[in-house]
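The opening position of the sequence shown corresponds to residue 1 in full-length UniProt numbering, with each subsequent residue numbered one higher.
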Amino acid sequence: MAAELLEFGYLFVVLAVTGAIALRLGLSVIPLYVVGGVVVGPYVAGRFGLPYVADSEVVTLLAELGIVLLLFFLGLEFSLDRLRAARSNIGRAGAIDLLVNLPLGVVIGLALGWSVVEAFLLGGIVYISSSAIVTKTLIDLGWIADPESEPILGTLVFEDLAIAVYLAAVTSLVLGGEGGLVAIGRSLAIAFGFLGLLLVLVQYGTSLFTRVLDVENQEAFVLRALAVVVPVAGAALALGVSEAVAAFFVGMGFSTSGHRETIERRLTSVRDVFAAIFFFWIGLGTDPTLLAAVVVPLVIAVVLTAPAKVVSGYLGGRVYDLSTHRSLRVGVGLVPRGEFSLVIAALAASGSTQVMREVIPAFAVGYVLVMSALGTVLMQRSDLVERLVFRGGSAKTES
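Next comes the structure, spelled out in structure tokens:
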């Protein structure tokens, strides 16, 4: 027990140090958490005979909680009423984003000689922007009060809902695809049936969600919230449904309960701890020597998908009737990739092929490291991007 506790102490030291470095450099903590996991994991520190953190069942379980809480908090930001009110612009901008980026990833995968399912996994990884990184950077840069924040957040909403359906489908394909089309169909039916029940509960169970957390004691409040989201996520996983998507729907249920701000205030630190472990865990399972094998697809993906995301975001900004300059900032603001790409990679690692188990996770880690850093820098230097794109024209962001 002493050895395990010491190992966990080592884990938190690494997270604290990498987080401090990220803050000093002005970068997102996510890529550095992943790097920290790679460096002190069995494939680097372990190979050199140094103390390392093992990819144990306990760490994996804590990482699962990180996924669940990340998606739970994203669900808190959305309600069915809010989605209905802005559905036209969100739908149009989101559809452009989806139709440009996901098929591009699939085409890249097929061009690399991967199977359709493997290419579909790659499509999801390159399609989905990082809600965590983008939202945090919007706040840090003060963009959250600017007109471009609306199409950025609207597109993230669409992506979150689209990825819910995507994860339900791809979970069935990866985990339930060994029995042929009948098994896949059965898995999809179970997945969508379960999510359908959750959606009905979200729509009509507001009073239930309200009563569950109607308690003044802070400890009881936190425990009750976890007593809802964690068992639902666990039940979803047991049925072959994405636990992340289930947690997202539970968050949507609590979003209209009147307790949203209290949940965020009292559980944010809990979420951040487990989310950090999740990103660290992704690094633990990554053999950096495999990154050499994915350099070519990684370079291809970055070169093609970064401009594609800028273009689709720009078009989404125009849907909202923004100026060309503000629309460009929308595109730049959607470049970062992060948590969802890593969730898909973790799912792929459960697959039956070498590409799923080794290549896609390694690719995803490298891709997230590059795109999260690139996206953050592009947002910070959006004025320079505007001058380059508009050939010396005024970079001011007129309405």
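Note that CB positions come from ideal geometry on N, CA and C, so glycine has one too.
If you're wondering where the values come from, they're calculated on a predicted model, not measured in any experiment.
In the same chain as residue 19, and ignoring 5 residues on each side of it, the C-beta atoms closer than 6 Å to its own belong to 29, in chain order. In the three-state reduction of the DSSP assignment, residue 27 falls in the coil class. DSSP places residue 281 within a helical segment (H, G or I) once states are collapsed to three. For residue 52, there is no enclosing alpha helix (DSSP H), as DSSP marks it with neither H nor E. By the CB criterion at 8 Å, residue 376 and residue 190 fall outside the cutoff.
Only buried fits residue 151, as 16 or more other CB atoms lie within 10 angstroms of its CB. With fewer than three CB-CB distances shorter than 8 Å, the segment 342–357 does not count as touching the segment 372–391. Boundaries of the alpha helix (DSSP H) harbouring residue 373: 360–380, taken from the DSSP string.
Counting C-beta pairs with one atom in each stretch, the segment 248–265 and the segment 203–223 have three or more that are closer than 8 Å, which means they touch. By alpha-carbon distance to residue 125, the top candidate from 380, 358, 340, 383 is 340. In the DSSP annotation of this structure, residue 77 is not part of any alpha helix (DSSP H), being labelled neither H nor E. Within the model, the alpha-carbon separation for residue 330 versus residue 323 is close to 11 Å.
By the Cβ criterion, the segment 308–327 is not in contact with the segment 70–78, since fewer than three pairs of Cβ atoms, one from each stretch, lie closer than 8 Å. With contacts defined by Cβ atoms closer than 8 Å, residue 31 and residue 369 form a contacting pair.
When the alpha-carbon of residue 88 is set against those of 155, 53, 374, the nearest one is in 155. Ranking 307, 234, 338 by CA distance to the CA of residue 279 puts 338 first. Inter-segment contact for the segment 209–219 and the segment 48–58 is absent: fewer than three beta-carbon pairs are separated by less than 8 Å. Residue range 339–348 is occupied by the alpha helix (DSSP H) that includes residue 339.
In the structure shown, the three-state DSSP call for residue 1 is coil. The beta carbons of residue 345 and residue 360 sit closer together than 8 Å. Taking the Cα positions, residue 116 is about 22 Å away from residue 366. DSSP places residue 390 outside any alpha helix (DSSP H), giving it a letter other than H or E. The residue among 306, 163, 120 with its C-alpha nearest the C-alpha of residue 248 is 163. Distance from the CA atom of residue 121 to the CA atom of residue 268, rounded to whole angstroms, is 30 Å. Residue environment analysis places residue 381 among the exposed positions, since fewer than 16 neighbouring C-beta atoms fall within 10 angstroms of its C-beta.
Judged by DSSP secondary structure, residue 134 falls within the alpha helix (DSSP H) whose first and last residues are 131–141. By the Cβ neighbour-count rule, residue 391 is exposed, with fewer than 16 other Cβ atoms within 10 Å of its own. Shown here for residue 103: same chain residues with a beta carbon closer than 8 Å to its own, the five before and five after excluded, namely 123 in chain order.
Contact annotation: residue 97 and residue 159 have beta-carbon atoms nearer than 8 Å.
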